[in-house]
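Enquirer: Before I ask anything, here is the structure I am working with.
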Amino acid sequence: MTLLFSFLLPLFSWLTALEAPAPAPAANQDPAWVKQVGAKTRPAAKTLFSAATYGAVGDGKTLNTQAIQKAIDAAAKKGGVVTFAPGQYVTGSIFLKKGVTLDIPRGVTLLGSQELKDYPQIPTRIAGVEMTWPAALINILDQDNVAITGAGTVDGQGKPFWEKYWAMRKEYDPKGLRWIVDYDAQRPRTVLVSNSSNITLKGITLQRAGFWTVHILYSKNVTADGLTVRNNIGGHGPSTDGIDIDSSSYVLVQNCDIDCNDDNFCLKAGRDWDGLRVNRPTEYILIQNCVAGAGDGLFTCGSETSGGIRHVIARGLSAKGTKYGIRLKSATNRGGTVEDIVVENIKMDGVRVPIIMTMNWNPSYSYSELPAGYTQATLPAHWKAMLAKVEPAERGIPHFQNVRISNLTATGAGTGISAEGVATSKLLDFKLDNINISTAKAGTVDFAQGWNLQKVSIQAQDNQPVAVKNSSSVSF
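All letters in the sequence shown, in the order written, are residues -26 to -1, 1 to 450 by mature numbering (1 follows the signal peptide of the UniProt record, and there is no 0).
The structure is reproduced here in structure tokens:
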């Protein structure tokens, strides 16, 4: 009995920790900028504007785009709350305005139209490149003081868009066009916050996104609190990221639960020539007390790093069955610096690689090369942007530096750590403290310099240590 209890106690402790991530450090340990993250205001007006008053029908069939937009426009005139009677409301793109709260109560589902024509083309940025693309299902563009709240659901109904993408992959890949198919396969995001401030997203469930679920772009003082994302219902949608924070600042993400089919919580800042042209960083970001299920990355920086990613704290996170854990990725034509990243109080179970870093991610996607048979003059503008060379070439080399990972426990991993810089840009000044990983293989660190390791235990089933190559002042 004593032996059994000794065995079960660590298991119970692990499960408890997974359900309730470790509390964040005391506020007095935080840098000053932490107090500035998140929305500083929320719409105060309480006048209700029922979408039904403007003709919305919750029968799961009627297209309600115009009716819902009329309710939003009416609420915007003096501030107010747009709300719904129980039901399922099919809609295309809607556009929220200053002073408006879109409230989606329990028992209400907004169903995204499955017709691309119901998502008008807008100028935006997609996967690091500025271009024209369909609007999202719910859009907050060039606004201040807007909220989306409620215990209801936004269902992107994305399966037809997933199928479209896979069909295009079958056509594009054999032609050597893997690098452009994601941009040509236009698919609507679920929520887009762009060039806006003081935005609150709270409590809603988002599922089956056609493409990215929540995209926070060129914005500041945004709060995403208590969101639930479920993108693997009825299939596995490609590139259905959970929350993408893109060239934005002072963003707070907390108490979110994401199960998707790509990066769960992801920071981005533009890619390649176009991203270096825009040159806008993602900075002052706090992500805390969140959970990831299926997906490619619990916490990811990149692969779009051109404008730089810095001043980030990710803490109190847990993952179960996520492909990768802490993930830094870029390519040698991206440029930008990822720095001052703090990741702490992390629990992982069944994560393939708990710590993974690369500067040469997914070459067939990351490096654009025009096959024979195409004429530059007739190419679409976004093809030309993707093909534009970064000059001088050194400008395209990314840099990862000043990263601290502490208080991390991972069980059931395949590889403990996979960290690869390049000869001209080593992984510089990393600190790993109180790391405990049980794994099949320990892994590799390549092209690193000046790592500070304290209480790092990577227990590999093959009894081999971490292989350290082309590195200095790095010793496991």
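All C-beta atoms in this analysis are idealised placements derived from N, C-alpha and C, irrespective of residue type, glycine included.
1) Kindly examine the ligand ZN and report whether one of its heavy atoms sits closer than 7 Å to the Cβ of glutamine 88.
2) Let me make sure I understand the geometry here. Which of Asp158, Tyr157, Asn206 and Tyr192 has the alpha-carbon closest to that of leucine 180?
3) Which stretch, first to last residue, makes up the beta strand (DSSP E) that contains proline 337?
4) Measure from the alpha carbon of glycine 184 to the alpha carbon of each residue in Ile114, Trp140 and Ala268, then state which is nearest.
5) When burial is assigned at 16 or more other CB atoms within 10 Å of the CB, is alanine 49 buried or exposed?
6) Does DSSP classify aspartate 92 as helix, strand or coil?
7) How far does the alpha helix (DSSP H) with tyrosine 157 in it reach, from first residue to last?
8) Start and end of the beta strand (DSSP E) containing residue 455?
9) For alanine 414, which of helix, strand or coil comes out of DSSP?
10) Put proline 148 into one of helix, strand or coil per three-state DSSP.
11) Helix or strand or just coil, what does DSSP make of proline 281?
12) Sorted by chain position, which residues of the same chain lie with C-beta nearer than 6 Å to glutamine 262's C-beta, five sequence neighbours on each side aside?
13) By how many angstroms is the C-alpha of lysine 194 removed from the C-alpha of valine 8?
14) Please list, in chain order, all residues of the same chain as valine 252 whose beta carbon is under 6 Å from its beta carbon, the five residues on each side excluded.
15) How should serine 447 be labelled, buried or exposed, when 16 other C-beta atoms within 10 angstroms of its C-beta is the threshold for buried?
16) I'd like the span of the alpha helix (DSSP H) that includes aspartate 4, first residue to last.
17) Taking the beta carbon of serine 338 as the centre, do at least 16 other beta carbons fall within 10 Å, making it buried, or is it exposed?
18) Using three-state DSSP, classify tyrosine 192 as helix, strand or coil.
19) DSSP three-state call for methionine 333: helix, strand or coil?
20) Take the Cβ of asparagine 172 as the centre, count every other Cβ of all protein chains shown within 10 Å, and call the residue buried at 16 or more, exposed below.
21) Between glycine 269 and cysteine 234, which are expected to be in contact by the criterion C-beta below 8 Å, what is the C-beta distance as a whole number of angstroms?
22) Identify every residue that forms a DSSP beta bridge with alanine 346.
23) Starting from histidine 356, trace the alpha helix (DSSP H) both ways and give me its first and last residue.
24) Would you check if the distance between the CB atom of residue 452 and the CB atom of threonine 413 is smaller than 8 Å?
25) For valine 327 and valine 286, what's the separation of their Cα atoms in angstroms?
26) Would you kindly work out how many angstroms separate the C-alpha atoms of valine 316 and alanine 346, rounded to a whole number?
27) Taking the C-alpha atoms as reference points, what is the distance between serine -21 and leucine 260?
28) Indicate whether at least one CB of chain D lies closer than 8 Å to the CB of isoleucine 178.
29) Helix or strand or just coil, what does DSSP make of phenylalanine 421?
30) List the endpoints of the continuous alpha helix (DSSP H) containing threonine 39.
31) Tell me the rounded alpha-carbon separation between serine 445 and tyrosine 63.
32) Quickly, what does DSSP pair serine 431 with across the bridge? List them, please.
33) So, for arginine 301: in the same chain, excluding its five sequence neighbours on each side, which residues have a beta-carbon less than 6 Å away from its beta-carbon?
34) Kindly list the residues whose CB is nearer than 6 Å to the CB of alanine 359, restricted to its own chain and excluding five residues on each side of it in sequence; keep chain order.
35) Would histidine 189 be called buried (16 or more neighbouring beta carbons within 10 Å of its own) or exposed?
36) From this set, Pro79, Asp147, Trp153 and Trp357, which residue's C-alpha is nearest valine 128's C-alpha?
Expert: For this structure:
1) The ligand ZN is absent from the structure shown, which contains no ligands of any kind.
2) Looking at the Cα atoms, Asn206 is the closest of the given residues.
3) Premise fails: proline 337 lies in the alpha helix (DSSP H), 337 to 340, not in any beta strand (DSSP E).
4) Looking at the Cα atoms, Trp140 is the closest of the given residues.
5) Alanine 49 comes out buried.
6) Here aspartate 92 sits in helix by DSSP.
7) Tyrosine 157 -> alpha helix (DSSP H) spans 152 to 158.
8) This structure leaves residue 455 out entirely; the chain is present only between -26 and 450.
9) Strand, per DSSP.
10) Reduced to three states, the DSSP call for proline 148 is helix.
11) Sequence inspection shows glycine at residue 281; the proline mentioned does not correspond to that position. Three-state DSSP puts glycine 281 in coil, outside helix and strand.
12) Within the same chain, glutamine 262 has close Cβ partners Ala(-3), Gln228, Arg289 and Gly290.
13) Taken atom to atom, the span from the alpha-carbon of valine 8 to that of lysine 194 is near 13 Å.
14) Cβ within range, chain order: Gly244.
15) Label assigned to serine 447: exposed.
16) In this chain, aspartate 4 is not harboured by any alpha helix (DSSP H), its DSSP state being neither H nor E.
17) Serine 338 sits exposed, since fewer than 16 C-beta atoms from the chains shown fall within 10 Å of its C-beta.
18) Annotated three-state conformation of tyrosine 192 is coil, per DSSP.
19) If DSSP states are grouped into helix, strand and coil, methionine 333 belongs with coil.
20) Per the 10 Å Cβ criterion, buried.
21) Separation of the CB atoms of glycine 269 and cysteine 234 is rounded to 5 Å, and the pair is thereby assigned contact status at 8 Å.
22) According to DSSP, residue pairing for alanine 346 in a beta bridge does not occur.
23) Per DSSP, histidine 356 belongs to the alpha helix (DSSP H) from 355 to 361.
24) Coverage of the chain is limited to positions -26 through 450, which leaves residue 452 absent and any answer about it impossible.
25) Valine 327 and valine 286 have their C-alpha atoms some 21 Å from each other.
26) Cα-Cα distance, rounded: 45 Å.
27) Below a pLDDT of 50, predicted positions are generally treated as unreliable, and serine -21, at 34, falls in that range; the measurement from the model is reported next regardless. Within the model, the alpha-carbon separation for serine -21 versus leucine 260 is close to 37 Å.
28) The structure shown has no chain D; it contains just one protein chain.
29) DSSP places phenylalanine 421 in coil when its eight states are reduced to three.
30) Residue range 39 to 52 is occupied by the alpha helix (DSSP H) that includes threonine 39.
31) For serine 445 and tyrosine 63, the distance between alpha carbons rounds to 57 Å.
32) Secondary-structure assignment with DSSP links serine 431 through a beta bridge to Asn410.
33) Gly271, Thr274 and Ile330.
34) Excluding positions up to five away in sequence, the list reads Val103 and Asp248.
35) Result: buried.
36) Checking every option, the nearest Cα to that of valine 128 belongs to Pro79.
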